[in-house]
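This report refers to the structure that appears directly beneath it.
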Amino acid sequence: MDNQEIARVLDEIGDMLEITGENFFRVRAYRNAARTAKDYPSPLAGMDKEALQEIPGIGADLADKITTLVATGDLEMHRDLLKKVPRGLLDLRQIHGLGPKRIKLLADLLKIQDREGLKRAAEQGALKGIPGFGEKLEGQILKALAEQAAAPAARMLYADAARLVESLVAHMRKCRALELIEAAGSFRRRRDAVGDLDILAASSKPRLVMEQLLKFPQIKETLGSGETKTSVVLSGGLQVDLRVVARQSFGAALVYFTGSKAHGVHLRRIAQSKGLLLNEYGLFRGEKPLASEDEEGVYRALGLQWIAPELREDRGEIEADQAHRLPKLITRDDLRGDLHSHSTWTDGRASIEEMARAAKKAGLEYFAVTDHSQRLRMTHGLDPARVREQAREIAAVARRVGGIEILRGIEVDILDDGKLDLPDDVLGHLDWVVASVHSKLDMDAKAMTRRMVAAIRNPNVNVIGHPSGRLINQRAPSSFDLDAILKAAREEGCALEVNSQPDRLDLTDTACLAAKHAGVKLVVSSDSHHPTQFAVLEFGINQARRGWIEPADVLNTRPLAKLAERR
DNA sequence: GCCGTTTTCGGCCCGACTGTTTTCAGTCG
Numbered sequence: 011m012d013n014q015e016i017a018r019v020l021d022e023i024g025d026m027l028e029i030t031g032e033n034f035f036r037v038r039a040y041r042n043a044a045r046t047a048k049d050y051p052s053p054l055a056g057m058d059k060e061a062l063q064e065i066p067g068i069g070a071d072l073a074d075k076i077t078t079l080v081a082t083g084d085l086e087m088h089r090d091l092l093k094k095v096p097r098g099l100l101d102l103r104q105i106h107g108l109g110p111k112r113i114k115l116l117a118d119l120l121k122i123q124d125r126e127g128l129k130r131a132a133e134q135g136a137l138k139g140i141p142g143f144g145e146k147l148e149g150q151i152l153k154a155l156a157e158q159a160a161a162p163a164a165r166m167l168y169a170d171a172a173r174l175v176e177s178l179v180a181h182m183r184k185c186r187a188l189e190l191i192e193a194a195g196s197f198r199r200r201r202d203a204v205g206d207l208d209i210l211a212a213s214s215k216p217r218l219v220m221e222q223l224l225k226f227p228q229i230k231e232t233l234g235s236g237e238t239k240t241s242v243v244l245s246g247g248l249q250v251d252l253r254v255v256a257r258q259s260f261g262a263a264l265v266y267f268t269g270s271k272a273h274g275v276h277l278r279r280i281a282q283s284k285g286l287l288l289n290e291y292g293l294f295r296g297e298k299p300l301a302s303e304d305e306e307g308v309y310r311a312l313g314l315q316w317i318a319p320e321l322r323e324d325r326g327e328i329e330a331d332q333a334h335r336l337p338k339l340i341t342r343d344d345l346r347g348d349l350h351s352h353s354t355w356t357d358g359r360a361s362i363e364e365m366a367r368a369a370k371k372a373g374l375e376y377f378a379v380t381d382h383s384q385r386l387r388m389t390h391g392l393d394p395a396r397v398r399e400q401a402r403e404i405a406a407v408a409r410r411v412g413g414i415e416i417l418r419g420i421e422v423d424i425l426d427d428g429k430l431d432l433p434d435d436v437l438g439h440l441d442w443v444v445a446s447v448h449s450k451l452d453m454d455a456k457a458m459t460r461r462m463v464a465a466i467r468n469p470n471v472n473v474i475g476h477p478s479g480r481l482i483n484q485r486a487p488s489s490f491d492l493d494a495i496l497k498a499a500r501e502e503g504c505a506l507e508v509n510s511q512p513d514r515l516d517l518t519d520t521a522c523l524a525a526k527h528a529g530v531k532l533v534v535s536s537d538s539h540h541p542t543q544f545a546v547l548e549f550g551i552n553q554a555r556r557g558w559i560e561p562a563d564v565l566n567t568r569p570l571a572k573l574a575e576r577r
């Protein structure tokens, strides 16, 4: 049972307890634990009760429940609650406007158990009779039920969101009343994909700024609009929340609106422990504002240093800050080279020379040409003869294009049994070997772990490419024992890749952190198939920063001469 | 259910918007 599954069960318990009217703080304890589990960088399944209790927010009772859940795959409390709150009822939480209190009323007064029952009742006009329900809410529920029959909204890739933010911000800047604007929320935290967009603006005339947003051409629906806050849904289904505050509150509002929610809660608890109040308008002692204009000031007044948005997930960054141990995060400028790229020799769309010129233009000192190996027939993967032939072309290009070093590399397939797709004597003559899984991505965890560890043990392999194989919104990550893989990688001095393609971003942020803790080096790579794609390195850097990665953790921050050192 | 430079009991983060009310509960972020 992995951390995601543990989190799901705990979350469901929280929801069911809330619907049955349990003490809200007990509910919150389960929600907190679920969130902690979801973000925890190593498997809770491998931890004993004492270790679990060391984690903030998990006490004796929850540690006990988690170990039971891991051992038996089930929890008596979860089963018992499902008898009281059937799954159909639980699912009603997805409907906008329905929370625990109203769901309880629906179940108690109208005996509603699921969507079907709710739909019938709403169509008959039966909801209006319930206290707190009226004409509008009934209509809203019917509409939500009809819309949810359509596909559920996927999260938008960060790269797509970045383009949208650019056009939205350009649109907003046409408003003269706008003083400052910043995309906050999970976008500013540089998450790999975002569920909505939170835009923060400063203005003394908020009404005008709201009106400007409502003129944005892609708006499908307005969910709500008040003096300081407007929510709209764009035609693609993405929700945009705009918040407008006075300029002197911008820093506090940015902290508040950047989140994460858990990070914000933690900050407000610190404020409270100092007898202060923290909200989106500032940090206050009684009526007196202590800080509000900029983020640095707000953190300082709480006794903290400014924390990079990528770290604000309440994964220990506040404690690290208090101990003066915040990481000095890697930036794009720290990268000297790129170690994964393709050319027209396989599935790339540009020649080696075009790629070399583009890499040089992107400010890189070196890059590796790592085309696919023979097994990937559809890409015309390289056999030993073509590997040698390509080496001659690389040498020729290197003579023509100065100012950048070109490494002779390969992205060799890891076969089903963990052997590699090219013989060792061929790999041994190359400068850089990426080994990747491209087939049978869904094999069971034990077999996949063996397969990847076997590749790591091959001394010719420098790095494992896109280790999990996931494609965001399209393909689940392969299952394997990350700890076992990290242990082998550490022993062999084999690195793991952070693939920067916007739909891969693989390793994930938490896996980066786990690798760092295990002493495994990373490589941030573009996996470019086109000259413009060296720009995606920015996205891989985002992901690495979210994983607390510093320049020294990443091999391609080194000058070429030091690249061969494996640790 | 968790937690402790006020505490092992009694607290637990904060505010905007909507719809239903006629001062506020519920939901949401």
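Position 258 (the first sequence) corresponds to 268 in our numbering; numbering is contiguous. We put the beta carbon where it would ideally sit given N, CA and C, even for glycine.
Q.
Let me make sure I understand the geometry here. Which of R103, Q134 and S383 has the alpha-carbon closest to that of D124?
A. As a position in the first sequence, residue 124 is number 114, starting the count at 1. Out of R103, Q134 and S383, R103 has the C-alpha closest to the C-alpha of D124.
Q. If you draw a straight line from the alpha carbon of T315 to that of R295, how long is it in whole angstroms?
A. The residue you call residue 315 lines up with position 305 of the first sequence. The residue you call residue 295 lines up with position 285 of the first sequence. The question names Thr, yet the displayed sequence has Gln at residue 315. R295 has its alpha-carbon roughly 20 Å from the corresponding atom of Q315.
Q: Return the chain-ordered list of same chain residues with a C-beta closer than 8 Å to the C-beta of E148, the five sequence neighbours on each side being excluded.
A: Within the first sequence, residue 148 is the residue found at index 138, counting from 1. Excluding sequence neighbours, E148 sits near A132, G135, L137 and K138.
**Q.** Segment limits, alpha helix (DSSP H) that includes Q400
**A.** Counting from one through the first sequence, the residue named residue 400 turns up at place 390. Looking at the DSSP string, the run of the alpha helix (DSSP H) that includes Q400 is P394 to R410.
Q: Quick one: using the 10 Å Cβ neighbour count with 16 as the cut-off for buried, is D118 buried or exposed?
A: Position 108 of the first sequence holds residue 118. That one is exposed.
Q. Where do the N-terminal and C-terminal ends of the beta strand (DSSP E) with T582 fall, by residue?
A. Given a span of 11 to 577 for the chain in the structure shown, any question on residue 582 remains unanswerable.
Q) Straight-line CA distance for I151 to G144? A) Residue 151 sits at position 141 when you count from the first residue of the first sequence. Residue 144 sits at position 134 when you count from the first residue of the first sequence. Using only the alpha carbons, I get a separation of about 11 Å.
Q) Is P299 helix, strand or coil by DSSP? A) For this step, residue 299 is matched to residue 289 along the first sequence. Three-state result, P299: strand.
Q. What is the rounded straight-line gap between the Cα of S235 and the Cα of L218?
A. Counted from its first residue, the first sequence places residue 235 at position 225. Counted from its first residue, the first sequence places residue 218 at position 208. The alpha-carbon atoms of S235 and L218 are separated by roughly 12 Å.
Q | Validate contact between the segment 376-394 and the segment 403-421 using beta carbons, cut 8 Å, 3 pairs | A | yes
(Q) With a threshold of 8 Å, are at least 3 pairs of Cβ atoms found where one atom belongs to the segment 183-194 and the other to the segment 261-271? (A) Flag = yes, the segment 183-194 and the segment 261-271 touch.
(Q) Which residue marks the beginning of the beta strand (DSSP E) containing S488, and which one marks its end? (A) Within the first sequence, the letter at position 478 stands for residue 488. Premise fails: S488 is in no beta strand (DSSP E) and is neither H nor E.
Q. Does the beta-carbon distance from L515 to A525 come in below 8 Å?
A. Residue numbering aside, residue 515 sits at position 505 when the first sequence is read from its first letter. Residue numbering aside, residue 525 sits at position 515 when the first sequence is read from its first letter. Cβ distance not < 8 Å, so L515 and A525 don't count as in contact.
Q. DSSP beta-bridge partners for H382?
A. Looking up residue 382 in the first sequence gives position 372. BP columns for H382 point to E421.
Q: Pick helix, strand or coil for Y376, following the three-state DSSP scheme.
A: Within the first sequence, the letter at position 366 stands for residue 376. Strand.
(Q) With H, G and I counted as helix, E and B as strand and the rest as coil, what does DSSP make of A366? (A) Residue mapping note: residue 366 aligns to position 356 of the first sequence, counting from 1. DSSP places A366 in helix when its eight states are reduced to three.
Q. Between the Cα of I209 and the Cα atoms of P227, R279, E176 and N468, which residue gives the shortest distance?
A. Counted from its first residue, the first sequence places residue 209 at position 199. If we check each option's Cα against that of I209, E176 comes out closest.
Q. With DSSP run on the structure shown, which of helix, strand or coil describes I68?
A. Numbered from 1 along the first sequence, position 58 holds the residue referred to as residue 68. If DSSP states are grouped into helix, strand and coil, I68 belongs with coil.
Q) Looking only at its own chain, which residues have a Cβ that is under 7 Å from the Cβ of E403, when we skip the five neighbours before and after it? A) Position 393 of the first sequence holds residue 403. Excluding positions up to five away in sequence, the list reads I362.
Q) Alpha carbon to alpha carbon, what distance is there between V473 and P487? A) As a position in the first sequence, residue 487 is number 477, starting the count at 1. As a position in the first sequence, residue 473 is number 463, starting the count at 1. The straight-line gap from Cα to Cα measures roughly 18 Å.
Q | Sequence-distant residues of the same chain with beta carbon closer than 6 Å to E327, five excluded per side | A | For the purposes of this step, residue 327 is taken as residue 317 along the first sequence, with counting starting at 1. Within the same chain, E327 has close Cβ partners I317 and L321.
Q.
Please classify P227 as buried or exposed, where buried requires at least 16 neighbouring CB atoms within 10 angstroms.
A. What you label residue 227 is simply residue 217 of the first sequence in a count that begins at 1. With fewer than 16 other beta carbons inside 10 angstroms of its own, P227 counts as exposed.
Q: Leaving aside the five residues before and after A369 along the sequence, list all residues of the same chain whose C-beta is less than 7 Å from its C-beta, in chain order.
A: As a working mapping, residue 369 is identified with position 359 in the first sequence. Around A369: D348, F377, I414 and F544.
Q. Can you list, in chain order, the residues of its chain whose CB lies under 6 Å from that of A154, leaving out five sequence neighbours each side?
A. Here residue 154 corresponds to residue number 144 of the first sequence, with the count starting at 1. Correct list, in chain order: I105 and H106.
(Q) Taking only three categories from DSSP, how would you classify A203? (A) For the purposes of this step, residue 203 is identified with residue 193 of the first sequence, where counting begins at 1. The answer is strand: DSSP assigns A203 an E or B state.
(Q) Any contact between the segment 526-543 and the segment 499-515? By contact I mean 3 or more CB pairs, one from each, below 8 Å. (A) yes
Q. Looking only at DSSP bridge pairs, what is G347 linked to?
A. In the first sequence, the residue the question calls residue 347 occupies position 337. The partner list for G347 (beta bridge, DSSP) reads Y376.
(Q) Using only CA atoms, which one of D435, E157 and F490 lies nearest to V447? (A) Position 437 of the first sequence, counting from 1, holds the residue named residue 447. Nearest option by C-alpha distance: F490.
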